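Colleague:
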Amino acid sequence: MSRAVLAIAAMLALAVPAAAGPPGSWSRLPGTVINFAEPGLARTSDGVLHVLYVRKNGTNSDLAHVSVSPAGKVGAATVALGGWRSMNHPDVIRMPDGSLRTFFGGIRTTAGSEPNRAMNTATAPASGGPWTLQIGKAAQSNSAYSGATAGAGLARDGTPISAWYSTGEMGFHYGTSLDDPDRTVPATGCCLYEPEIAVDAATGQAYIGFFSLEKSAQGVYAQRISPAGVQGARWLAPGTRVGANALNPGGRTSLSARIGAPGVFMVHGQGYPTFKTVAVSRVGAGKPQIVLKADRAEHINVAAAPDGRLWLVWEQSGTIFATRTNKAAKKVGPVTKLKPPGGGDIYRLNGEGSAGPLELVANISSNGQSLWHQQVLPGLQLTASSRAAGASRVITFRALDAGDPVAGAVIKIGGKTLRTAKNGSASYRAPGSGPVKATASKTGYRAATTTVR
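Counting along the sequence shown from 1, when you hit position 197 you're at 763 in the numbering used here, and nothing is skipped either side.
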């Protein structure tokens, strides 16, 4: 069925100067948001991160767009779609042709003839604008407007997949045509929340992740899906249910595929009535691959990084923690700790990591409720071992990324400079006694220092 589209002829620029949010520096995204607002994040082939989020506009809502450069510079905001009566939090994906597509629940106007009052979709070129709204629903459901967040993913054949929830329903839809049916996730009671879509890079299998408060089946789940509906039984993330109870993690479910590697992964809390650990579990597995102590962790999320790595981010008692795994997603590197700007309260954490660093976007209450951006670099690890060599000794340094060797790292020892080989190692002949301090660095990483005594 053909459907008309509405071209947004011009985007309204917000008078906000550009800011920088490189490592160690927070940048505020323009506009006021609500305390559980979540952005949609997607990176185009030029390395630019595109951030879509709902901001207040009097009694209405706007969908705002901000670009973040590869260096972490936050650009001015523009209005992608403006003046909606209600608008829920979007997800955004990059299409096979490089363009952007967003899905969101919302009601454009309260007119009885309004065609956009459920699941909506809009597209933009890779430049990030202008945005073109598809007139009419992007799925058959009439209740898709009511869920706080949308989920979205891209099937192996390039078909977009959207997901939503409302009271009594969690649905998903392949494509954007009403000629194709919606599918639902079966439930045994109320309710299922916060869907996300992920597609295995190796097999093309799509999954929907969600949180359940069903009386007999609470917990965080993932389930295989296809255009024909759900497939097989649900998978319960280990430790998300204790007895009959589960803690709502809040926010879009932290489900992710990996870049250039097999498997779909859930990053989730474990414990009840508070989380005691943060775990990384491959969907379908009986136990996690990684478990980190994280008492009272909140706002746990995940972002895919190159070579199969995953970024993990969470909050504990007002501090943000971020770390990146190795290529096998079985070990983590050094943990970065961040304080929110102005000591504000943290409500949501989201990120995008496909270029290597984590582009962290945090919903923080600090002199008003806003989204804040900071770029987080993975940390190098520097190990050392020594052996006697006559009156001197040979120290072998290794630069590692979550246990994986890092080639080309620069190691400085006083006035001496070494460079690591393919196996991450470099050797140095030192005096037989006395401390030797070394610092390893490489573009795209936080430096590491060690002292050999």
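C-beta atoms are modelled at their ideal positions from N, C-alpha and C, and glycine is treated no differently. Please read these numbers as outputs of a predicted model, since none were measured by experiment.
Between S732, I774, G805, A783, which has its C-alpha nearest A823's C-alpha?
Modeller: The residue with the shortest Cα to Cα distance from A823 is I774.
Colleague: Report the rounded CA-to-CA distance for S728 versus F669, giving the unit in angstroms.
Modeller: Going from the Cα of S728 to the Cα of F669 covers about 7 Å.
Colleague: Here's a check: name, in chain order, each residue in its chain whose Cβ is nearer than 7 Å to the Cβ of A957, leaving out the five neighbours to either side.
Modeller: Closer than 7 Å at Cβ, skipping near neighbours: G998.
Colleague: Give every residue of the same chain whose Cβ lies closer than 6 Å to the Cβ of P793, excluding the five residues on either side of it in the sequence, and list them in chain order.
Modeller: Contacts found: Y740.
Colleague: Of all the alpha helix (DSSP H) runs that stay within the bounds of the stretch 760 to 817, which reach a length of 4 or more residues?
Modeller: Within the stretch 760 to 817, no complete alpha helix (DSSP H) run reaches 4 residues.
Colleague: Distance check for T1005 and I977, CA to CA, integer angstroms please.
Modeller: Each residue's Cα considered, the two are about 5 Å apart.
Colleague: Considering only C-alpha positions, which residue in the set A637, G638, L615 is nearest to H631?
Modeller: Looking at the Cα atoms, L615 is the closest of the given residues.
Colleague: Looking only at its chain, what residues have a beta carbon closer than 6 Å to the beta carbon of T1017, apart from the 5 residues adjacent to it on each side?
Modeller: Around T1017: P1001, K1003.
Colleague: Starting from the Cα of S952, find the closest Cα among E680, T840, A992 and give me that residue.
Modeller: Checked all of E680, T840, A992; the closest Cα to S952 is A992.
Colleague: Distance check for N708 and L878, CA to CA, integer angstroms please.
Modeller: Distance between the alpha carbons of L878 and N708: 35 Å.
Colleague: Could you spell out the range, first to last residue, of the beta strand (DSSP E) harbouring R1019?
Modeller: No beta strand (DSSP E) holds R1019; DSSP gives it neither H nor E.
Colleague: Can you grab the Cα-Cα spacing for the pair Q836 / F777, in whole Å?
Modeller: For Q836 and F777, the distance between alpha carbons rounds to 13 Å.
Colleague: Sorted by chain position, which residues of the same chain lie with C-beta nearer than 6 Å to L779's C-beta, five sequence neighbours on each side aside?
Modeller: So the qualifying residues of the chain are C757.
Colleague: Taking K982 as part of the beta strand (DSSP E), name the residues at either end of that continuous run.
Modeller: It spans 982 to 985 - the beta strand (DSSP E) in which K982 sits, taken as one unbroken run.
Colleague: Does the Cβ-Cβ distance between I659 and A718 come in under 8 Å?
Modeller: Taking 8 Å as the Cβ cut-off, I659 and A718 qualify as a contacting pair.
Colleague: Thinking just about the alpha-carbon of each residue, which of V972, T676, A642, V617 is nearest to the one in N626?
Modeller: Nearest C-alpha to N626: T676.
Colleague: How many Å lie between A1022 and P656 at the Cα?
Modeller: The structure shown does not extend to residue 1022, since the chain is modelled only from 567 to 1019, so the question has no answer here.
Colleague: Please classify R985 as buried or exposed, where buried requires at least 16 neighbouring CB atoms within 10 angstroms.
Modeller: Under this definition R985 is an exposed residue.
Colleague: Per DSSP, what are the beta-bridge partners of S847 in this structure?
Modeller: According to DSSP, S847 bridges with M832.
Colleague: State the beta-bridge partners of D748 as determined by DSSP.
Modeller: Beta-bridge pairing links D748 to no other residue.
Colleague: Tell me, please, whether the stretch 962 to 969 touches the stretch 617 to 624 by the rule of three or more beta-carbon pairs shorter than 8 Å.
Modeller: Taking 8 Å as the limit for Cβ pairs, the verdict is that the stretch 617 to 624 does not touch the stretch 962 to 969.
Colleague: Could you pull the DSSP bridge partners for N892 from this structure?
Modeller: Answer is none; N892 lacks a bridge partner.
Colleague: Quick check on this structure: which residue in P854, G922, V830, Y759 has the alpha carbon closest to the alpha carbon of L946?
Modeller: Measuring from the Cα of L946, the nearest candidate turns out to be G922.
Colleague: How big is the Cα-Cα spacing for G917 and A954?
Modeller: About 47 Å.
Colleague: Quick check on the DSSP output: the beta strand (DSSP E) that includes L966 runs from which residue to which?
Modeller: Residues 958 to 967.
Colleague: Look up P997 in the DSSP assignment and say whether it is helix, strand or coil.
Modeller: DSSP places P997 in strand when its eight states are reduced to three.
Colleague: Could you check whether M832 and V844 sit closer than 8 Å to each other, using their CB atoms as the reference points?
Modeller: No, they are not a contact pair.
Colleague: Which residue's Cα is closest to the Cα of M685: S591, Y731, G624?
Modeller: Taking only the C-alpha atoms, the option nearest M685 is Y731.
Colleague: What residue range is occupied by the uninterrupted beta strand (DSSP E) comprising T902?
Modeller: Run containing T902: 902 to 904, per the beta strand (DSSP E) assignment.
Colleague: Hey, how far is the Cα of A1014 from the Cα of A783?
Modeller: A1014 and A783: Cα-Cα distance of roughly 45 Å.
Colleague: Taking just the CA atoms, how far does S712 sit from F738?
Modeller: Using only the alpha carbons, I get a separation of about 14 Å.
Colleague: Name the residue from V634, A869, G805, G919 whose alpha carbon lies nearest to the alpha carbon of R818.
Modeller: The candidate whose alpha carbon is nearest that of R818 is A869.
Colleague: Going along the chain, which residues of its own chain have a beta-carbon closer than 8 Å to the beta-carbon of A767, five neighbours each way excluded?
Modeller: Taken in chain order, the residues that qualify are A823, R824, I825, G826, A827, P828.
Colleague: Using 8 Å as the threshold, is the C-beta distance between P589 and V942 below it?
Modeller: In contact: P589 and V942 (Cβ atoms closer than 8 Å).
Colleague: Could you give the first and the last residue of the continuous beta strand (DSSP E) run that contains I600?
Modeller: Taken as a continuous stretch (DSSP letters only), I600 belongs to no beta strand (DSSP E), as it is neither H nor E.
Colleague: Quick check on the DSSP output: the beta strand (DSSP E) that includes A869 runs from which residue to which?
Modeller: Where A869 is concerned, the enclosing beta strand (DSSP E) stretches over 864 to 870.
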